[in-house]
Amino acid sequence: MPAPRPRPRATPSRRRAPQRRRRPTDARPVPISLPASTDAVTHADALRAELSRAARTLGAPDDVSPILERPRDPSFGDWATNLAMTLAKPLGQKPRDIAEALIAAMDKASVGVIAAEIAGPGFLNFRLDPGFQARGLLTILESPDTFGRLDIGHGERVVVEFVSANPTGPLHVGHGRQAALGDAISTLLEYTGWNVDREFYYNDAGAQIANLAKSTQAQVRAIGGAPLEIPEGGYHGDYIREIAERYVAEHPDDAAGDNLAAMQAFAVAALRHEQDLDMQAFGVKFDTYYLESSLYTDGSVNKTVEGLKASGHTYEEDGALFLRTTDFGDDKDRVMKKSAAKGGDYTYFVPDVAYHVTKWERGYHRAINVQGADHHSTITRVRAGLQALNIGIPTGYPDYVLHQMVTVMKGGEEVKISKRAGSYVTVRDLIDEVGRDAVRYFYLMRKGDSQLVFDVDLARSQSEENPVYYVQMAHARMCGIFRVGEIDATTVTGQGVDLGVLSEPAEQELVKQLLDFPATVKGAADNLEPHRIAAWLLETARAGHTWYHKHHVLGEPEAITRARLVLARATQLGIAAGLRILGLSAPERM
RNA sequence: GCGCGUGUAGCUCAGUUGGAUAGAGCGUCUGCCUCCGGAGCAGAAGGUCGCAGGUUCGAGUCCUGCCAUGCGCACCA
0 MPAPRPRPRA
10 TPSRRRAPQR
20 RRRPTDARPV
30 PISLPASTDA
40 VTHADALRAE
50 LSRAARTLGA
60 PDDVSPILER
70 PRDPSFGDWA
80 TNLAMTLAKP
90 LGQKPRDIAE
100 ALIAAMDKAS
110 VGVIAAEIAG
120 PGFLNFRLDP
130 GFQARGLLTI
140 LESPDTFGRL
150 DIGHGERVVV
160 EFVSANPTGP
170 LHVGHGRQAA
180 LGDAISTLLE
190 YTGWNVDREF
200 YYNDAGAQIA
210 NLAKSTQAQV
220 RAIGGAPLEI
230 PEGGYHGDYI
240 REIAERYVAE
250 HPDDAAGDNL
260 AAMQAFAVAA
270 LRHEQDLDMQ
280 AFGVKFDTYY
290 LESSLYTDGS
300 VNKTVEGLKA
310 SGHTYEEDGA
320 LFLRTTDFGD
330 DKDRVMKKSA
340 AKGGDYTYFV
350 PDVAYHVTKW
360 ERGYHRAINV
370 QGADHHSTIT
380 RVRAGLQALN
390 IGIPTGYPDY
400 VLHQMVTVMK
410 GGEEVKISKR
420 AGSYVTVRDL
430 IDEVGRDAVR
440 YFYLMRKGDS
450 QLVFDVDLAR
460 SQSEENPVYY
470 VQMAHARMCG
480 IFRVGEIDAT
490 TVTGQGVDLG
500 VLSEPAEQEL
510 VKQLLDFPAT
520 VKGAADNLEP
530 HRIAAWLLET
540 ARAGHTWYHK
550 HHVLGEPEAI
560 TRARLVLARA
570 TQLGIAAGLR
580 ILGLSAPERM
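If you count by numbering that gives the first Met the number 0, then the first sequence holds residues 0 to 589, one letter each, in order.
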């Protein structure tokens, strides 16, 4: 038996050494400009409209809205609809008879249909003229910045709140998932016509901040020679020690560590700055930072408490003030204000309610909170508080997008994340090790409500086979065609080009995939699910690679080259648009 | 025990809102660089969609009940 040939991938000469390769993640993110949205009418929209018209001539209700879908099996054609089946009941006829009547009633040529067949129990399968279909690509070339944009939001304001970490430590991998999700959801909403503000809520008041101050104090005093006594519930991370050292250096007058307020302010400022740097490294930019402490100083908390008391939904028991959240679906009532014996403070959810009142009053009639699933119990409480106030806020306000936990594997073991114990993997660790684009893509390629196992070692060691490179490579390849052909890609138009020559199966596949982008964006935006964009990118990249491998663009007969240049340009622009929604760079070469 | 999630290929996960023969990546096999970049392409193997009922022309998808699993159930945040 002959020795197996070594696999090509193992041959170093086939690949450039990774060290020499410039990480595309180093590229700065391209800001998304926001031109006016256009509701581009795709051929699918036209087909749907024609189907509706035909259905109404058969007596279907006016609001009939046929569902078109891509048949899994391409031999079934380009589009399929179950319209005849859904009309069977209202019309009292057999599905196949209705299908036949629909075909007869349609003006097929006007929507590019060259064949219509009835299949199975009453499916209608349509085959489109290849050139007619491919002309859809021209909308991409003509206005790449508006491709896939919709105007669902009509410019209404929406606030997306995410990360919102306590300034008590660096941002860990769970915050990273939130940052990637929140930012991508925001962009998706912008893409569909909403006026979006990204907001970071700082819990810079309350018990955890007091713990932070005391932990800092303990370290300051330890520097002065006292034994280190971190208070119960305090923070143990090394970063507290570093903050204490800087505090001592900058506050020689308080070497004894007596000014607790000064240490608290110092530590909060230092950690906020660190978190800002983390988000900067991740390429996330917030429009507003809202401080919990400001809700106390500007009277919002008091106003909210008075409002709740006036609503009649509160009562006192054992010296504490309760809100009867059970009136609004909670399983038990919640304490608003602790009894004097427990310190007499407000519990966290009171400022939370006050905060959400400000969102409403600041003019956001839609609010989306991206949070870890471990905080889901706050949803009922916050909404109950807003309802109890009875100030016109709708019951479902605010919306929540919950994401499941991120578990981190390192060295084959799960790293228990605990800020207090001082063991965690930070967002910046991940970015430094596998690159910003890869981290973002990994966070976004899955649904938020499935758990995410982030194996740091695996992510680093396999970064060469990362799917994000596969997608970015498809983009770079299309750019390469123009580079080699010495063609200015921006000058490519469909002027005088017969797109009917794009008749190869791989071409039709790619055309269809690209034209599915607007529907994908709509689905992703409606459901606040950026992972749909990630999935579309992967499929589009695959279709692009396949086409590229099978068919040449340059050096073909002129009519073919010109049509294929249109397809290459559309592919490049489409992938770039998807990448930008996810906050990833679209490198022209890798 | 209660609430919110999740069980789909060896592993990690999609599944177009109820459609036709359930998909991808990684991993495992087999081929393919004279070529616009092989960071790629073509193909193979791999499935009782957790289990059992129900709804209907039709269920991975919807309803019920179990089983497994993650998170949460504080006068913490």
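C-beta atoms are modelled at their ideal positions from N, C-alpha and C, and glycine is treated no differently.
Of the listed residues the options, nearest to residue i (C-alpha basis)
i: Glu241; options: Leu270, Gly233, Asp253, Glu228; result: Leu270
i: Leu385; options: Val424, Gly328, Tyr440; result: Gly328
i: Tyr468; options: Ser293, Leu46, Asp454, Leu578; result: Leu578
i: Leu536; options: Thr519, Glu503, Val552; result: Thr519
i: Val455; options: Leu429, Pro466, Leu443; result: Leu429
i: Gln507; options: Leu90, Val356, Gly298, Leu127; result: Leu127
i: Lys446; options: Ala533, Ala366, Leu457, Asn465; result: Ala533
i: Val349; options: Gly371, Ile378, Asn368; result: Ile378
i: Val483; options: Ala340, His551, Ile113; result: His551
i: Gly91; options: Leu513, Leu57, Asp106, Thr560; result: Leu57
i: Thr490; options: Ile66, Pro89, Ala103, Leu137; result: Leu137
i: Ala261; options: Ala212, Asp77, Thr296, Gly236; result: Ala212
Short Cβ contact (7 Å threshold) for residue i with residue j
i: Gly135; j: Phe516; result: no
i: Gly152; j: Thr191; result: yes
i: Ala473; j: Gly543; result: yes
i: Arg95; j: Gly130; result: no
i: Arg197; j: Asp286; result: yes
i: Tyr200; j: Glu160; result: yes
i: Asp431; j: Ser292; result: no
i: Asp330; j: Arg323; result: no
i: Gly318; j: Ser299; result: no
i: Val424; j: Val438; result: no
i: Asn368; j: Tyr347; result: no
i: Ala458; j: Val500; result: no
i: Leu572; j: Ile139; result: yes
i: Lys336; j: Leu320; result: yes
Inter-residue Cα distance where the pair is residue i and residue j
i: Leu564; j: Thr85; result: 42 Å
i: Phe75; j: Asn81; result: 13 Å
i: Glu587; j: Val433; result: 20 Å
i: Ala266; j: Asn258; result: 12 Å
i: Gln218; j: Ser310; result: 46 Å
i: Asn301; j: Asp44; result: 53 Å
i: Gly395; j: Arg382; result: 7 Å
i: Pro397; j: Asn194; result: 16 Å
i: Val63; j: Gly554; result: 49 Å
i: Thr303; j: Leu388; result: 8 Å
i: Arg541; j: His355; result: 44 Å
i: His174; j: Gly168; result: 11 Å
i: Pro556; j: Ala575; result: 28 Å
i: Val157; j: Arg531; result: 21 Å
i: Ser584; j: Thr492; result: 25 Å
i: Arg220; j: Lys358; result: 41 Å
i: Gln450; j: Met404; result: 6 Å
i: Arg22; j: Phe281; result: Caution applies to Arg22, whose pLDDT of 33 falls short of 50 and renders its modelled position unreliable; the model cannot decide the point.
i: Ile392; j: Ser51; result: 38 Å
Buried versus exposed, by CB contacts within 10 Å (16 or more), residue i
i: Tyr288; result: exposed
i: Val496; result: buried
i: Arg568; result: buried
i: Pro230; result: exposed
i: Gln177; result: buried
i: Val452; result: exposed
i: Gly111; result: buried
i: Asp182; result: buried
i: Thr186; result: buried
i: Val29; result: Its pLDDT being 35, under 50, Val29 is placed unreliably by the model, and the measurement read from it follows with that caveat. Val29 comes out exposed.
i: Glu249; result: exposed
i: Tyr314; result: exposed
i: Ile390; result: exposed
i: Ser32; result: Confidence at Ser32 is low in this model, with a pLDDT of 35, below 50, so its placement is unreliable and the value that follows should be read with caution. Under this definition Ser32 is an exposed residue.
i: Ile480; result: buried
i: Arg47; result: buried
i: Glu49; result: buried
Residue i CB to nearest heavy atom of the ligand NAD below 6 Å
i: Tyr288; result: Ligands are entirely absent from the displayed structure, and the ligand NAD is therefore not among its contents.
- request: Report the residue ranges of all beta strand (DSSP E) runs contained in full by the segment 446-504; include only those spanning at least 3 residues, in chain order.
  value: Those beta strand (DSSP E) runs which fall completely within the segment 446-504 and span 3+ residues are 451-454.
message: To test your reading of the DSSP string, which unbroken alpha helix (DSSP H) runs of 4 or more residues are found completely within the segment 332-402?
response: Taken in chain order, the complete alpha helix (DSSP H) segments of 4 residues or longer contained in the segment 332-402 are 348-360, 376-388.
message: If we require 3 or more residues per run, which beta strand (DSSP E) segments fall completely within the segment 126-176?
response: 156-160
message: Threshold first: 4 residues or longer. Then list the alpha helix (DSSP H) segments lying entirely within the segment 514-550, N to C.
response: 516-526, 530-549
query: For the segment 226-288, which segments carrying the alpha helix (DSSP H) assignment without a break, of at least 4 residues, lie completely within its bounds, in sequence order?
result: 237-249, 259-281
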